[in-house]
Each structure stands twice: as C-alpha cells, then as structure tokens.
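Single-structure report; data block below.
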Amino acid sequence: MKAIVITSPGGPEVLQLQDVEDPSIRDDEVLIQVAATALNRADVGQRLGSYPPPKGASPYPGLECSGTILAVGSSVHRWKPGDQVCALLSGGGYAEKVAVPEGQVLPVPEGVSLRDAGALPEVVCTVWSTVFMMSRLSPGESFLIHGGSSGIGTFAIQIAKHLGVRVFVTAGNEEKLAACKNLGADVCINYKTEDFVARIKEETGGKGGSTLMMLSSQLASVWYDISVWCFDAGVDVILDNVGGPYLQRNLDSLNIGGRLFLIGFVGGAVTEVNLAPLLIKRLTVQAAGLRSRSPENKAEIVKEVEKHVWPAIAAGKVKPVIYKSLPLSEAAEGHRLMESSIHIGKILLIP
Numbered sequence: 000m001k002a003i004v005i006t007s008p009g010g011p012e013v014l015q016l017q018d019v020e021d022p023s024i025r026d027d028e029v030l031i032q033v034a035a036t037a038l039n040r041a042d043v044g045q046r047l048g049s050y051p052p053p054k055g056a057s058p059y060p061g062l063e064c065s066g067t068i069l070a071v072g073s074s075v076h077r078w079k080p081g082d083q084v085c086a087l088l089s090g091g092g093y094a095e096k097v098a099v100p101e102g103q104v105l106p107v108p109e110g111v112s113l114r115d116a117g118a119l120p121e122v123v124c125t126v127w128s129t130v131f132m133m134s135r136l137s138p139g140e141s142f143l144i145h146g147g148s149s150g151i152g153t154f155a156i157q158i159a160k161h162l163g164v165r166v167f168v169t170a171g172n173e174e175k176l177a178a179c180k181n182l183g184a185d186v187c188i189n190y191k192t193e194d195f196v197a198r199i200k201e202e203t204g205g206k207g208g209s210t211l212m213m214l215s216s217q218l219a220s221v222w223y224d225i226s227v228w229c230f231d232a233g234v235d236v237i238l239d240n241v242g243g244p245y246l247q248r249n250l251d252s253l254n255i256g257g258r259l260f261l262i263g264f265v266g267g268a269v270t271e272v273n274l275a276p277l278l279i280k281r282l283t284v285q286a287a288g289l290r291s292r293s294p295e296n297k298a299e300i301v302k303e304v305e306k307h308v309w310p311a312i313a314a315g316k317v318k319p320v321i322y323k324s325l326p327l328s329e330a331a332e333g334h335r336l337m338e339s340s341i342h343i344g345k346i347l348l349i350p
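All residue numbers for the sequence shown refer to numbering that gives the first Met the number 0, where the first residue is 0 and numbers rise by one.
Below is the structure:
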C-alpha cells in the first residue's frame with residue numbers, strides 16, 4: 000500500500016508518499032480500506048519529533064479515519080468485510096489501509112458521508128471523554144472553548160449547545176468568530192483584541208472587580224499569608240489547548256466549583272501561577288491525552304460516544320465541519336495549511 004512516511008523530523012516537506020508493507024491484523028482487529036483521514040495538531044508534533052507514536056502503534060501519522068472493512072480478526076464479532084465505518088486510531092491513518100482494534104471502530108453515523116465521517120472520531124472522542132465524562136459538563140452550565148473554530152472547537156460548540164449548555168469561545172479573527180456564532184456559540188471573544196477574563200466576568204454576572212482576601216494557615220510553625228483574588232462569577236468548564244500562557248487567566252475565569260481541562264500546550268508547558276484560586280473557588284484542573292490511552296479505555300470512550308453523540312448526529316444537531324479535502328499525496332500542503340491556522344474545522348486527506 001501507499002502511506003505517508005516521516006522521513007526525518009522537520010517541516011512539512013519531510014512527509015513523503017511511499018510504498019510500504021500492508022498492515023497485518025491481530026485476532027481482535029479489523030483491516031480498513033481508508034476513504035479519508037483528518038489532520039490533527041498531534042500529527043504536527045509527530046512530524047516534528049516531539050510526539051512519537053505509542054509503543055506498538057503504526058509509525059505513520061493519522062489518528063482517525065473512515066473507510067470500508069476489508070478483513071476481520073478471528074475474535075471480531077460485530078464487524079464484517081464490507082461494513083462502512085470510522086475509527087479512532089493510535090496512528091496509521093495517513094495510508095491506504097490501517098489495522099485497528101474492533102473496540103475503536105464506529106459505524107458511519109446516519110446522515111454523514113463516508114468521507115466526512117473521517118473527521119469525527121478523534122475530535123468527538125477527545126471532547127466527550129474530557130468535557131463530559133471527566134469534567135461532567137451538565138445542562139444549564141457554561142462552557143469556554145479556546146480555539147472555537149478548530150476541529151475540536153466546532154464539534155464542542157455543537158454538542159454543548161445540543162445538550163443545553165451556554166457556550167463561550169475565543170478565536171483570532173472576525174471570520175472565525177462568525178463561524179462559531181453560526182454553529183451556536185453564545186459569546187464569541189476575539190482574544191487578540193479583548194481580555195477574555197473581563198468579558199467572561201461581564202457576561203456571567205460579575206462586576207469585573209475583586210475582593211482581596213488574606214488567609215493565614217499554620218504549618219510546621221511557619222505562617223503563610225496567601226493573597227487571593229476572589230472573583231464574582233465565571234464559567235463552569237474550560238477546554239484549553241494553549242497551556243502555560245493561559246493557565247492563570249483560565250483559573251481567574253472559572254466560577255466556584257469550576258473545572259479546567261488541558262488537552263494541549265501549543266503556547267508552552269511552563270508558567271508561574273498563583274494557586275490560591277484553586278483553594279478559594281474549589282477548582283479542579285485536569286489534563287489528558289487520548290492517543291496514549293489503553294485500548295480498553297479507548298473502547299469505553301468509543302462506546303459512550305456511540306451511545307450519546309451518534310444520535311445527535313443522526314438527528315442533524317451535530318455535523319462535521321470540513322474546511323478542505325486534499326489528496327493523500329498533498330499531506331505536506333495540509334500541514335502547511337493547519338500550521339497557518341487560517342482553517343475553520345477539519346482538513347481531510349483522501350487516499
């Protein structure tokens with residue numbers, strides 16, 4: 000088969016289409032003829048050499064795909080050759096064929112084309128597992144998505160609105176903000192021209208001010224004075240892939256009992272932060288990747304996604320947002336496009 004090979008760590012030009020061996024399948028796996036795969040920021044990290052695939056995973060990039068099953072392992076019972084599916088991968092999507100554990104395979108949702116389904120598994124599983132399974136975002140709460148026009152963001156806006164959540168987003172230009180608004184976002188903030196903390200406080204009933212509280216605690220005969228800014232309001236859940244530069248502002252933007260979930264560090268992983276808001280506002284900070292999770296954990300997430308998200312897609316409440324489709328041979332151009340950050344939604348590669 001043909002696959003995109005990373006010839007060495009570097010720029011998009013290191014992505015080369017080459018002839019490689021067909022994947023073999025284990026007893027619990029299926030072999031998929033890929034109809035489409037989608038680009039993710041993690042693919043850029045792998046290309047640069049900073050995000051290697053997990054042990055035992057395909058060396059080729061690509062964390063999701065759609066296609067037709069060609070063969071199944073001896074212990075696979077749900078799927079059969081000819082089934083049209085999409086799948087969450089640990090790697091290997093940038094290829095004509097890929098092997099994947101059966102627990103990470105989903106039927107193509109009703110109302111979605113086989114190709115467009117390739118844009119769903121990674122973003123859907125990421126958002127559902129972090130925002131809903133772990134951070135417990137619930138109807139009536141408020142939710143901030145940084146990068147609302149991204150693949151992650153465009154899905155998160157739609158599913159949150161469908162479930163009765165008030166949605167805030169940040170984005171970097173008016174075109175992206177308009178796209179987020181059209182998808183259902185309630186409050187759209189240009190992070191280049193606005194202070195998103197102040198805007199969130201204003202929109203959630205805060206006065207934009209603060210109260211300085213001095214707390215003293217005795218530990219091992221040492222007194223600590225902690226200065227804490229206690230804000231009046233904020234959102235309940237934040238999904239962030241910026242990391243360090245946003246950490247303090249994210250904490251300041253959360254309501255009492257708020258939850259921050261980190262899924263990336265595109266702005267850097269190191270920062271200095273005042274931890275006092277965690278204590279005063281009873282905040283929770285979590286972080287997790289998806290790629291390195293066990294097959295069992297991924298299968299659990301996929302099962303929950305099929306149960307809770309697929310009906311919303313079938314009902315037309317959530318749709319994949321596709322920015323552009325390119326031939327697999329133009330994977331380098333796809334990476335250049337992704338790194339330019341001009342896109343809205345997902346970029347597909349078609350073998």
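Note that CB positions come from ideal geometry on N, CA and C, so glycine has one too.
Here the alpha carbon of R46 sits roughly 6 angstroms from the alpha carbon of G9. Excluding its 5 nearest sequence neighbours in each direction, A313 has C-beta neighbours in its own chain below 8 angstroms: P108, E109, G110, listed in chain order. Using a Cβ-Cβ distance cut-off of 8 angstroms, the region 83-91 and the region 54-69 are in contact, since at least three pairs of beta carbons, one from each stretch, lie closer than that value.
Around the Cβ of T153, a 10 Å sphere holds 16 or more other Cβ atoms; the residue is buried. In the DSSP assignment, H334 falls within the alpha helix (DSSP H) that extends over 330-339. Scanning L238, P294, E63 for the CA closest to the CA of K54 turns up P294. The Cβ atoms of A118 and I156 lie no closer than 8 angstroms to each other. Judged by DSSP in its simplified three-state form, K96 adopts strand. No Cβ-Cβ contact shorter than 8 angstroms links C64 with L289.
In the structure shown, P326 adopts extended strand secondary structure according to DSSP, grouped into three states. By DSSP's assignment, A159 forms no beta bridge with any residue.
In the three-state reduction of the DSSP assignment, P11 falls in the helix class, which pools H, G and I. Cβ atoms of L113 and A34 come within 8 angstroms of each other, at about 5 angstroms.
DSSP places G256 within a strand segment (E or B) once states are collapsed to three. Here the C-alpha atom of V84 lies approximately 24 angstroms from the C-alpha atom of E329. In chain order, F264, G266, G267, A268, V269, T270 place their CB closer than 7 angstroms to the CB of G243, counting only its own chain and leaving out the 5 sequence neighbours on each side.
In the DSSP assignment, E121 falls within the alpha helix (DSSP H) that extends over 120-126.
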